[in-house]
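Participant: Quick one: structure below, then a few questions.
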DNA sequence: CCATTTTGTTCGGGATAGAAACAAAGCTGG
DNA sequence: CCAGCTTTGTTTCTATCCCGAACAAAATGG
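Residue numbers (my numbering), protein chains in the order written: chain A, 1 to 406; chain B, 407 to 812.
See the structure below:
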């Protein structure tokens, strides 16, 4: 029951019906490959004739290919169709405060190459230059020059996705910047950009493996800050000004430390990485000077988790506290958005065995319905490169997305 | 960029293009009426011939009618088209703990009759019986027997909208109940049901007047509890189990009163009606016994607001406190969902001049971006019958909604 | 009254779904 | 090894709908 936006709609043309069915068929191949034309016709309750036409179109465009014929107990053997993924490439870029990572992968998200370099300080133009050179080298060495479908870039900040423009990325010291246009011109490839937590959510919508799928879920990423990517009705919730997802600044501990946003006791100031480390080291998180000292100390979450693993009781306590606060945050999402699943990304996933029972308890205590209290939670370890997967999803998603109509 | 749900999609048929364009045209007529065929063709960049066919179809179905011809400086005068609203009727029902209200309105939401009666205690079957008799009388007296398009029912509880089933409504003492089917059989009319705050949000999507429209907004209703209806990407966010919108139980005052959910210092326990009244009367909100005493005392929010108007400083202070807490709650929504507008329904809207500056200050202090801090907020006084408008929207919306495709 | 302009209708052509006939390719049982 | 059966995939024809152009209708102004 979506309302039609009369200032921004797409009406149907002669070719719309074909376009719609083409996308459905393509998505069916993606999710059920290998699959035969006859099977597609049955699943779509469409005539086999029409399926043949659709398939011929997709074969000609190189979206799918014919594989082997399957065994059948009776009758002619079906020829199986697959999505063409092997010789189609995607570049994913993850820009962060200190380092920028790059991945070259095929269209199914299989990693072919991975590298990273130091992010130039406060200079998006320099970053584009560095990226351009590295992407060119990556594509040449991978023999992927011709068949690269595009570049996805993930940025920690507010992004106007349609315009391809970064609006603000305080962590990087960037103001407004035409990232997609600049990088696109430099490389000659289509560029899509997105805010990091939102892209991470997209990755689970489009590259998600065998995890049960839902049209409603949230991706919570805990790092230097806390960000949330919300997917509702199978669509990303970006909000009116593309700034949705800032659930980290909910006041929850009036006596807690002062957050970088200026308020006291924000969830982020209790569960983000620096907050956890400060708790362990006995630093006063409220003092901004300590933030720099923490950064300079080179002591990180993986270090803290390693200490917990080796039996450090204070490390354990600091992580447990973070788990409890994370549970409070998740309970707010559970009650407010009622997601079918929660993904938790960030270093904390490496200590999941420790924090899960704690945060589960908080959620169970606070959820208003039994079902909401039992919302499945899936940790995503940093080793999976969630942000890079998000970047790739930016390129892959438009190929398979439903056509926007009405 | 919506993902296609391969377990639940609608493919395109021969008639899909027509269906899509029909809905767009209908919505254009609704929003721009009176409007001519030629104007529609221009707005849709569609041939006038096709528009003629579409219009003929809608005329035959009685969705629209031809009005007068407009003046034109040159050329043939256009005949203007209108949505048929006058002789099409809608029944809205608002079920609450103590009273149930009924409205008979035309298709544009103009009120024709309004009545209310005491809600039968813990007995949905009795309610259906009472409703059936009253709806019949209402329709007969209004001469609306033949042209009633349906009944919309708004319930304070969790609702499975598609199945037409109430899942749980603790305020009413209901468990699971087949409300739509039962009432539909009794009246012979189509029945749509929905949770109250969600329906209120829908009303602004579909019956909203001259307020600037957004595809992303929230409707916050403050009454005995706090409920939120979230609209993102032009669609209602219902969540995985239809329980989205419970943003009232965010812990924000650890030393605050115990909430009915069992936690301490929930926003709801600080800003809901009973909390405000308890603050004024000096009752301990944590004590459940006091809730009953407050109910029995017959002292209500309008009474409190009246006392504030007549100069009662303590009444003013109690309301101001509520305004501040409401501001905290809204700031969470502003940061988390980045709505283009916030609607605030409930008795508190009657004291808007008092609370608005307070809650604006809280939001401005907490919003992470300047734009978010300036999110427009529109109060909706209880005199507008927001829940009844929501109930009507349930019937009106499907007529104009975008067809679900892919 | 006729030229001009704009609205609304009609009609032929192209794209697509839909249904049915047909060809292809396998299996089974004599 | 071949006839008969089954299933897959293709071709062919028709109905529906957009699309554009031609045409009719209705108003204005000289």
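Here a beta-carbon is modelled for each residue, glycine too, at the ideal position from N, C-alpha and C. Remember, it's a predicted structure, so these values are computed and weren't measured experimentally.
Got a sec, what are the start and stop residues for the alpha helix (DSSP H) residue 200 of chain A sits in?
Facilitator: The sequence position of residue 200 of chain A within the first chain is 200, counting from 1. Counting along the chain, residue 200 of chain A sits inside the alpha helix (DSSP H) bounded by residues 196–206.
Participant: Note down, in chain order, each residue of its chain lying with its Cβ closer than 7 Å to the Cβ of residue 500 of chain B, except the 5 sequence neighbours on either side.
Facilitator: On the second chain, position 94 is the one that residue 500 of chain B refers to. Result list for residue 500 of chain B: 506, 507, 560, 793, 794, 797, in chain order.
Participant: Would you kindly check if the distance between the Cβ of residue 509 of chain B and the Cβ of residue 487 of chain B is under 8 Å?
Facilitator: Here the question's residue 487 of chain B lines up with position 81 in the second chain. Here the question's residue 509 of chain B lines up with position 103 in the second chain. Against a cut-off of 8 Å, the Cβ pair of residue 509 of chain B and residue 487 of chain B comes out as no contact.
Participant: Considering only DSSP beta bridges, list what residue 558 of chain B is partnered with.
Facilitator: Along the second chain, one-based indexing puts residue 558 of chain B at 152. In the DSSP output, where bridge partners are listed per residue, residue 558 of chain B has B:498, B:598.
Participant: Can you tell which of A:344, A:338, A:348, A:379 has the C-alpha that lies nearest to the C-alpha of residue 368 of chain A?
Facilitator: On the first chain, position 368 is the one that residue 368 of chain A refers to. It is A:338.
Participant: What is the DSSP secondary structure of residue 97 of chain A, counted as helix, strand or coil?
Facilitator: Mapped onto the first chain, residue 97 of chain A falls at position 97. Note: residue 97 of chain A maps to coil in three-state DSSP.
Participant: Using C-beta distances below 8 Å, list every residue in its chain close to residue 676 of chain B, excluding the 5 sequence neighbours before and after it, in chain order.
Facilitator: As a position in the second chain, residue 676 of chain B is number 270, starting the count at 1. Cβ within range, chain order: 658, 659, 662, 663, 727, 728, 731.
Participant: Taking only the alpha-carbon atoms, compute the straight-line gap between residue 461 of chain B and residue 694 of chain B and give it to the nearest angstrom.
Facilitator: In the second chain, residue 461 of chain B corresponds to position 55, counting from 1. In the second chain, residue 694 of chain B corresponds to position 288, counting from 1. Their backbone Cα atoms lie some 60 Å apart in a straight line.
Participant: Residues of chain B with CB closer than 9 Å to the CB of residue 244 of chain A, please, in chain order.
Facilitator: Translated into positions along the first chain, residue 244 of chain A becomes position 244. In chain order: 622, 638, 741, 742, 743, 744, 745.
Participant: State the start and end residues of the unbroken beta strand (DSSP E) segment that holds residue 749 of chain B.
Facilitator: Numbered from 1 along the second chain, position 343 holds the residue referred to as residue 749 of chain B. First-last of the beta strand (DSSP E) with residue 749 of chain B: 747–752.
Participant: For a test of the three-state rule: what should DSSP assign to residue 287 of chain A, helix, strand or coil?
Facilitator: The residue you call residue 287 of chain A lines up with position 287 of the first chain. Residue 287 of chain A falls in the coil class under three-state DSSP.
Participant: Would you decide whether residue 532 of chain B is buried or exposed? Buried here means 16 or more other CB atoms lie within 10 Å of its CB.
Facilitator: Within the second chain, residue 532 of chain B is the residue found at index 126, counting from 1. With fewer than 16 Cβ atoms within 10 Å of its Cβ, residue 532 of chain B is classed as exposed.
Participant: Going by C-alpha distance, which of A:108, A:336, A:134 is nearest residue 116 of chain A?
Facilitator: In the first chain, residue 116 of chain A corresponds to position 116, counting from 1. Comparing Cα positions, the closest option is A:134.
Participant: Taking 8 Å as the CB-CB limit, is residue 174 of chain A close to chain B?
Facilitator: On the first chain, position 174 is the one that residue 174 of chain A refers to. No, its Cβ sits nowhere closer than 8 Å to a Cβ of chain B.
Participant: Output the boundary residues of the beta strand (DSSP E) element that contains residue 571 of chain B.
Facilitator: In the second chain, the residue the question calls residue 571 of chain B occupies position 165. Here the beta strand (DSSP E) through residue 571 of chain B covers 571–574.
Participant: Helix, strand or coil for residue 240 of chain A? Go by DSSP, reduced to three states.
Facilitator: Numbered from its first residue, the first chain carries residue 240 of chain A at position 240. Coil at residue 240 of chain A, not helix or strand.
Participant: Using a Cβ-Cβ cutoff of less than 6 Å, which residues in the same chain neighbour residue 596 of chain B once the five nearest sequence positions on both sides are dropped?
Facilitator: Within the second chain, residue 596 of chain B is the residue found at index 190, counting from 1. 556, listed in sequence order.
Participant: Leaving out the 5 sequence neighbours to the left and right, which residues in its chain are closer than 8 Å to residue 807 of chain B when beta-carbon positions are compared?
Facilitator: Start at 1 with the first residue of the second chain, and residue 807 of chain B comes out as number 401. For residue 807 of chain B, where only same-chain residues beyond five positions count, the Cβ hits under 8 Å are 429.
Participant: How many Å lie between residue 358 of chain A and residue 558 of chain B at the Cα?
Facilitator: Position 358 of the first chain, counted from the first residue, corresponds to residue 358 of chain A. Position 152 of the second chain, counted from the first residue, corresponds to residue 558 of chain B. Looking at the two C-alpha atoms, the distance is approximately 43 Å.
Participant: Going straight from the alpha carbon of residue 136 of chain A to that of residue 128 of chain A, what length do you get?
Facilitator: Against the first chain, residue 136 of chain A aligns to sequence position 136. Against the first chain, residue 128 of chain A aligns to sequence position 128. The alpha-carbon atoms of residue 136 of chain A and residue 128 of chain A are separated by roughly 12 Å.
Participant: Please classify residue 763 of chain B: does DSSP put it in a helix, a strand, or coil?
Facilitator: For the purposes of this step, residue 763 of chain B is taken as the residue at position 357 of the second chain. It is helical.
Participant: Taking 8 Å as the CB-CB cut-off, is residue 645 of chain B touching chain A?
Facilitator: Your numbering for residue 645 of chain B matches position 239 in the second chain. At a cut-off of 8 Å between C-beta atoms, residue 645 of chain B counts as an interface residue with respect to chain A.
Participant: Taking only beta-carbon atoms, is residue 288 of chain A less than 8 Å away from chain B?
Facilitator: Counted from its first residue, the first chain places residue 288 of chain A at position 288. Under the Cβ distance rule, residue 288 of chain A does not count among the residues neighbouring chain B, no pair being separated by less than 8 Å.
Participant: So, for residue 187 of chain A: in the same chain, excluding its five sequence neighbours on each side, which residues have a beta-carbon less than 6 Å away from its beta-carbon?
Facilitator: The residue given as residue 187 of chain A occupies position 187 in the first chain. Within the same chain, and ignoring the five residues on either side of residue 187 of chain A in sequence, the residues whose Cβ sits closer than 6 Å to its Cβ are 132, 135.
Participant: Looking at chain A, is there any beta carbon in it that lies within less than 8 Å of the beta carbon of residue 429 of chain B?
Facilitator: Taking the first residue of the second chain as 1, we reach residue 429 of chain B at position 23. Judged by the 8 Å Cβ criterion, residue 429 of chain B is in contact with chain A.
Participant: Taking just the CA atoms, how far does residue 483 of chain B sit from residue 650 of chain B?
Facilitator: Translated into positions along the second chain, residue 650 of chain B becomes position 244. Translated into positions along the second chain, residue 483 of chain B becomes position 77. The straight-line gap separating the alpha-carbon atoms of residue 650 of chain B and residue 483 of chain B is approximately 50 Å.
Participant: Contact between the region 783–791 of chain B and the region 277–295 of chain A is defined here as three or more beta-carbon pairs at a separation below 8 Å; is this criterion met?
Facilitator: no
Participant: Out of B:548, B:779, B:610, B:772, state which residue places its alpha-carbon closest to the alpha-carbon of residue 492 of chain B.
Facilitator: In the second chain, the residue the question calls residue 492 of chain B occupies position 86. Here the closest residue by C-alpha is B:548.
Participant: Any idea what DSSP makes of residue 68 of chain A, helix, strand or coil?
Facilitator: As a working mapping, residue 68 of chain A is identified with position 68 in the first chain. In the three-state reduction of the DSSP assignment, residue 68 of chain A falls in the strand class, which pools E and B.
Participant: Give me the Cα-Cα distance between residue 887 of chain B and residue 513 of chain B, rounded to the nearest whole angstrom.
Facilitator: Past the boundaries of the shown model lies residue 887 of chain B; chain B is included only from 407 to 812, so the question cannot be answered.
Participant: Determine, for residue 162 of chain A, whether the minimum Cβ-Cβ distance to residues of chain B falls below 8 Å.
Facilitator: Indexing the first chain from 1 puts residue 162 of chain A at position 162. Cβ-Cβ to chain B under 8 Å: no for residue 162 of chain A.
Participant: Determine the chain A residues that contact residue 788 of chain B at a beta-carbon separation under 8 Å, and present them in chain order.
Facilitator: Locating residue 788 of chain B in the second chain gives position 382, where the first residue counts as 1. Within chain A, no residue comes near residue 788 of chain B; the closest Cβ sits about 24 Å away, beyond 8 Å.
Participant: With a CB to CB cut of under 8 Å and the five nearest residues on each side skipped, what residues in its chain are close to residue 170 of chain A?
Facilitator: For this step, residue 170 of chain A is matched to residue 170 along the first chain. Answer for residue 170 of chain A: 157, listed in chain order.
Participant: When we look at the beta-carbon of residue 776 of chain B and count the other beta-carbons within 10 Å, is it buried (16 or more) or exposed?
Facilitator: Here residue 776 of chain B corresponds to residue number 370 of the second chain, with the count starting at 1. Answer is exposed; the Cβ neighbour count stays below 16.
Participant: Would you tell me roughly how many angstroms separate the C-alpha atoms of residue 420 of chain B and residue 250 of chain A, rounded to the nearest one?
Facilitator: As a first step, residue 420 of chain B is located in the second chain; it is residue number 14 there, counting from the start. As a first step, residue 250 of chain A is located in the first chain; it is residue number 250 there, counting from the start. If you take the alpha carbons of residue 420 of chain B and residue 250 of chain A, they lie about 51 Å apart.
Participant: Could you pull the start and end residues of the beta strand (DSSP E) that residue 488 of chain B belongs to?
Facilitator: For the purposes of this step, residue 488 of chain B is taken as residue 82 along the second chain, with counting starting at 1. Segment 485–489, the beta strand (DSSP E) holding residue 488 of chain B.
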